[in-house]
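J.:
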Amino acid sequence: MVRDIRILGTGQLLELQRRLRAAGHENLRSSMQRRIRRAAEPLRDDLQTAIQQTSIRSQGRSTRRGGPSPTTRPLRATIAAAIRISVRNTSGAAGARVWIDRSALPPDLRNMPKVINEGRIRHPVYGNRKRWATQWAQPPWWDTTVRRHTPRMEREVARVIDDVRRRLE
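If you're matching positions, the sequence shown starts at 1 in my numbering and goes up one per residue.
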């Protein structure tokens with residue numbers, strides 16, 4: 001699983017940041033950050049939609065046993081709410097990053113985005129560690145969505161860099 005997606009133009013972006021800082025173009029710099037963030041927002045939105053629409057099905061028994069979930073939190077909505085964007089432009093990791101903030105997830109769900117992306121979810125039945133269930137998810141929700149958006153994001157960031165470079169010259 002791709003842990004996070006980073007759109008980096010490290011050499012170009014870092015050089016551009018140095019030139020912006022030296023020239024004192026603070027509003028041009030903030031504009032560049034805003035445009036890079038805007039380029040990453042459709043990916044974040046699609047990732048949130050993808051996890052919420054991911055189908056998780058049980059291995060199943062012939063009888064319909066079970067009941068309501070012992071927790072009230074919706075799994076997919078909780079994961080979707082933890083997807084974040086950060087834009088950095090001052091260090092060696094300059095660029096946009098779309099990632100899952102594991103600290104925003106409950107402790108027992110911190111590995112769940114990775115597990116769902118892999119497609120096989122094994123868990124104790126209602127917390128009973130003597131009985132385990134296997135569920136299957138439609139893999140890979142993260143990887144597929146990131147692959148689909150990467151070329152567009154790279155083009156957008158390159159366009160932003162070219163626009164800023166032209167305005168500096």
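Glycine included, each C-beta is placed from N, C-alpha and C at the ideal position.
Fair warning: this is a prediction, and the values are worked out from it, not measured in the lab.
1. So, are the CB atoms of Val98 and Ala40 less than 9 Å apart?
2. What separation, rounded to the nearest whole angstrom, lies between the Cα atoms of Gln53 and Arg19?
3. Is Arg122 near Ile85, with beta carbons less than 9 Å apart?
4. Taking DSSP as the reference, what is the three-state secondary structure of Pro74?
5. From Arg57 to Pro139, what does the alpha carbon distance come to, in whole angstroms?
6. Could you tell me the boundaries of the beta strand (DSSP E) in which Asn111 lies?
7. How is Thr134 classed by DSSP in three states: helix, strand or coil?
8. Pull up the distance between the alpha-carbon of Ser62 and that of Asn111, whole angstroms please.
T.: Looking at the atomic coordinates:
1. Residue numbering aside, residue 98 sits at position 98 when the sequence shown is read from its first letter. Residue numbering aside, residue 40 sits at position 40 when the sequence shown is read from its first letter. Against a cut-off of 9 Å, the Cβ pair of Ala40 and Val98 comes out as a contact.
2. Here residue 53 refers to the residue found at position 53 of the sequence shown. Here residue 19 refers to the residue found at position 19 of the sequence shown. Gln53 and Arg19: Cα-Cα distance of roughly 44 Å.
3. Locating residue 122 in the sequence shown gives position 122, where the first residue counts as 1. Locating residue 85 in the sequence shown gives position 85, where the first residue counts as 1. No, Cβ-Cβ distance for Arg122 and Ile85 is not below 9 Å.
4. Working through the sequence shown from its first residue, we reach residue 74 at position 74. In the structure shown, Pro74 sits in coil (DSSP, three-state: anything other than H, G, I, E or B).
5. Residue 57 sits at position 57 when you count from the first residue of the sequence shown. Residue 139 sits at position 139 when you count from the first residue of the sequence shown. Going from the Cα of Arg57 to the Cα of Pro139 covers about 12 Å.
6. Here residue 111 is taken as the residue at index 111 of the sequence shown, counted from 1. Where Asn111 is concerned, there is no enclosing beta strand (DSSP E), given that its DSSP letter is neither H nor E.
7. Your numbering for residue 134 matches position 134 in the sequence shown. Strand, per DSSP.
8. Here residue 62 is taken as the residue at index 62 of the sequence shown, counted from 1. Here residue 111 is taken as the residue at index 111 of the sequence shown, counted from 1. Low per-residue confidence applies at Ser62: pLDDT is 46, beneath 50, and the placement is therefore not dependable, though the value from the model is reported in the following sentence. Using only the alpha carbons, I get a separation of about 30 Å.
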